[in-house]
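All remarks here apply to the structure that follows.
In the numbering used here, the protein residues as written are 1 to 179.
This is how it looks when you write it as structure tokens:
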């Protein structure tokens, strides 16, 4: 036989919902109860007035800070003081406290990135000046290619002149034979 008998457990029961009218009635009853407690406190005497004033929220910021700290320390937190070094609270800074002129500290990655960029710029300047090994090799290769192209151009020019001379010689023979 299953636990709980034949009728079963809590899971099969019908759910009941509170109607909006019932909720409104409960809210009104709660407000009336609070009003009655306040009236009783005011009728109690001068000592009661001091406590009532403390309960009312004041316009000062000190009281609101105290209320916020009490809300935060609900339950056991209010009893035990915990110092967690890993938990950092966000402190709001005023505009007057922010120092714009002070240079901010760079992280290690940011510093390394800047150093990389500066090294790359230095290398490019040296490369353009022809002082690096790679630049020297490139210039030597470029000189060899220029020399090869000049030789090829000279050779082509000589062949062209030779063809023209041969063509002129053959025309000369043809012209002599025609006379």
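Yeah, the Cβ is synthetic: ideal placement off N, Cα and C, and Gly gets one too. Being a predicted model, the structure only gives us computed values, none of them experimental.
Cut-off 6 Å between Cβ atoms - residues of its own chain near residue 20, not counting five sequence neighbours on either side | None.
What's the gap between the Cα of residue 154 and the Cα of residue 143?
-> Those two C-alpha atoms are separated by around 17 Å.
Same chain, Cβ closer than 7 Å to residue 139, five either side skipped, listed in chain order | Within the same chain, Cβ atoms closer than 7 Å to the Cβ of residue 139 are found at 130, the five residues on either side in sequence being excluded.
Helix, strand or coil for residue 173 per DSSP?
-> Residue 173 falls in the helix class under three-state DSSP.
Give me the Cα-Cα distance between residue 34 and residue 27, rounded to the nearest whole angstrom.
-> Between residue 34 and residue 27, the C-alpha separation is close to 11 Å.
Reduced DSSP category for residue 181 - H, G, I as helix; E, B as strand; rest coil = Residue 181 cannot be examined here, being either before or after the span of the chain that is shown, 1 to 179.
Where does residue 117 sit, in a helix, a strand or coil, going by DSSP?
-> Helix, per DSSP.
8 Å Cβ cutoff, residue 21 in contact with chain C | No chain C is present in this structure, which holds just one protein chain.
Compute the Euclidean distance between the alpha carbons of residue 134 and residue 113, then round it to the nearest angstrom.
-> Going from the Cα of residue 134 to the Cα of residue 113 covers about 24 Å.
Excluding sequence positions up to five away, which residues of its chain have a Cβ less than 7 Å from the Cβ of residue 109?
-> None.
Could you check what DSSP says for residue 95 in three-state terms: helix, strand or coil?
-> Annotated three-state conformation of residue 95 is coil, per DSSP.
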